[in-house]
Amino acid sequence: MLDALESGLSGDNLSVFRCLRDRALKQSHPIYVVGGPVRDFLLGVPIRDLDFVVEGDGPELARWLAERLGGEVRVHPRFGTSTLVSGSCRVDVVTARKEVYPKPGALPQVTPGTISDDLARRDFAINALALPLTEKRPEIMDLHGGIDDLRQGVIRILHPKSFEDDPTRIFRAIRYEQRLGFDLEPDTLDFLNAAVAQGHIASLTGDRIRHELEKILDEDHPELSLNKAAVLGILEKIHPALGEKEAVDRLDALVAGTHTGDDGQKGITHLTYIGALVYSLSEIQAEEIIHRISAPGAWSRVIREVMSLKSREDALARDDISSSQLADIVGGYSAEAVLVFARLTKLPIVSERLALYSERLRHIGPALTGNDLLELGVLEGPELGRLLRQLREAKLEGTVSTEEDERRWVQERMPKAHE
Ligand code: CTP
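Position one of the sequence shown corresponds to residue 0 (our numbering), numbered consecutively onward.
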């Protein structure tokens, strides 16, 4: 079993695994591979990050590893957890622990425990699996029926209060469900619905909600989890305005454009999903969401840009808008905000114009620089800036095309020496 798991590892992960296996065979504190890597090994999908539990001092073991393999260790003494970042790999080494939740949504109180305690505190049976490194021919510890759940394709909590204790598990449940193509086991779905209805998401801090959203956005298909979160009424518990049915349609529209390539725009990112989610909100609601999820700078920027672009929709739809006016309006916005707006506006003409901007106009500018103009004899000062701006407009309008044209255009407009 261990050899099979080892054969699925490479590079820094493999070095870490071998080093800990070696130590586990020599020392008295049992070390286990736990959670995601065991699950993914059994599913036959690539193992991402390795997680280890030790019935001993996790941070001490992480530092010992770092001395041998290099890398940096970050320790959270309160939870007995540590993360080693070594080369391309990120490894969690934690002290086996028991957890008690003082109230819903609060961080747990932690005391050292056994591997059985540690598996019992986990979110879902498919993640409550451990493989001891200590034994020569180890078997997977499966105290909660995780292997059976993997076979049946279900996500199941380990006890009725799981979602209430830790409402981040509401987000985690749908993320695994969508990633693995599993189902929520019926009782688990009932408990999840109850935890959502009872408002437990409200007990989470903005940072914890944002962290779960980030994890969803890191998935290959975030739209699947976001849609499910909308359907189960989870998004509206972050903010009521995220509850409208159109949020799901917008995510579909955002992604659909990518697959068909109908407007030639790629570039769906975390930021475009965030922009699509908030698209129909008012500015006040958008600010409330920024505040609620402690949105980082890039998220706040795209949210505000989408609001701002919406407020300029009429100007973008005007009959007589020129290419340079279009570029002036759209030029100050990020590519993500423009993409979201292009996909979601109800006005086809606006969509077309934004596509025109993104595909063509965005790349058009004068070949000549300020220095070139100085060399041509334009005097430094406001005149130089004005000529450069007008030259850019001329290029956007197509009245000037080659560099030669540009020189001629500038020379024709330069104040003559005797003037
Ligand atoms: N865990 C948990 N409850 C949480 C968060 C995590 O029980 N709210 C446990 C799970 O057993 C999980 C492990 O901690 O397997 C590691 O969590 P995390 O690092 O968030 O999972 P990932 O390793 O990111 O992995 P993956 O998404 O592949 O499972």
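Backbone N, C-alpha and C define an ideal beta-carbon position, used for all residues, glycine too. Values in this document were obtained by computation on a predicted structure and should not be read as measured data.
At least one heavy atom of the ligand CTP sits closer than 7 Å to the Cβ of residue 167. Of the candidates 17, 105, 360 and 32, 105 places its Cα closest to the Cα of residue 208. Looking at 334, 352 and 405, the one whose alpha-carbon comes closest to that of residue 369 is 405. Relative to the ligand CTP, residue 180 has its C-beta separated by 7 Å or more from all heavy atoms. Selection 10, 407 and 145 evaluated against residue 126 yields 145 as nearest (Cα-Cα).
By the Cβ criterion, the stretch 392–403 is in contact with the stretch 349–368, since at least three pairs of Cβ atoms, one from each stretch, lie closer than 8 Å.
In the displayed model, residue 15 falls within a helix according to three-state DSSP. Proximity of the beta carbon of residue 12 to the ligand CTP is not indicated: no heavy atom of the ligand is located closer than 7 Å.
Relative to the non-hydrogen atoms of the ligand CTP, the Cβ of residue 327 never comes closer than 7 Å to any of them.
Not one heavy atom of the ligand CTP falls within 7 Å of the beta-carbon of residue 192. A straight line joining the alpha-carbon of residue 32 with that of residue 237 spans about 34 Å. Relative to the ligand CTP, even the nearest heavy atom lies 7 Å or more away from the CB of residue 112. Here the C-alpha atom of residue 285 lies approximately 7 Å from the C-alpha atom of residue 277.
Of 90, 120 and 151, the smallest CA-CA separation from residue 96 is found for 120.
If you look at residue 175, you'll find it isn't in any beta strand (DSSP E); it sits in the alpha helix (DSSP H) that goes 167–179.
Note on residue 305: 16 or more other CB atoms within 10 angstroms of its CB, so buried under the neighbour-count rule. The continuous beta strand (DSSP E) containing residue 85 extends over residues 80–85. Unbroken beta strand (DSSP E) runs of no fewer than 3 residues, entirely contained in the stretch 264–301, are not found. The Cβ atoms of residue 83 and residue 124 lie no closer than 8 Å to each other. For residue 51, the uninterrupted beta strand (DSSP E) segment begins and ends at 49–53. The beta carbon of residue 90 sits closer than 6 Å to the beta carbons of 15, 49 and 83 from its chain, once the five residues preceding and following it are set aside; these are given in chain order. It is roughly 6 Å from the alpha-carbon of residue 250 to the alpha-carbon of residue 275. The way I'd put it, the stretch 179–198 doesn't touch the stretch 134–141; fewer than three beta-carbon pairs between them come closer than 8 Å.
Relative to the non-hydrogen atoms of the ligand CTP, the Cβ of residue 34 comes within a distance shorter than 7 Å of at least one. Beta-carbon to beta-carbon, residue 273 and residue 301 are separated by about 6 Å, close enough to satisfy the 8 Å threshold. In the three-state reduction of the DSSP assignment, residue 94 falls in the strand class, which pools E and B. Taking all protein chains in view, the Cβ of residue 196 is surrounded by fewer than 16 other Cβ atoms within 10 Å, so the residue is classified as exposed.
The beta carbon of residue 342 sits no closer than 7 Å to any heavy atom of the ligand CTP.
From the listed residues 187, 148, 174 and 6, the smallest Cα separation to residue 162 is found for 187. Not one heavy atom of the ligand CTP lies closer than 7 Å to the C-beta of residue 219. A distance criterion of 7 Å places the beta-carbon of residue 47 in contact range of the ligand CTP, judged by its closest non-hydrogen atom. In this structure, residue 2 has its CB at a distance of at least 7 Å from all heavy atoms of the ligand CTP. According to the DSSP assignment, residue 111 belongs to the beta strand (DSSP E) that extends over 108–111. With a cutoff of 8 Å on beta-carbon distance, residue 387 and residue 412 are scored as not near each other. For residue 121, there is no enclosing alpha helix (DSSP H), as DSSP marks it with neither H nor E. As the crow flies, the alpha-carbon of residue 149 is around 22 Å from that of residue 136.
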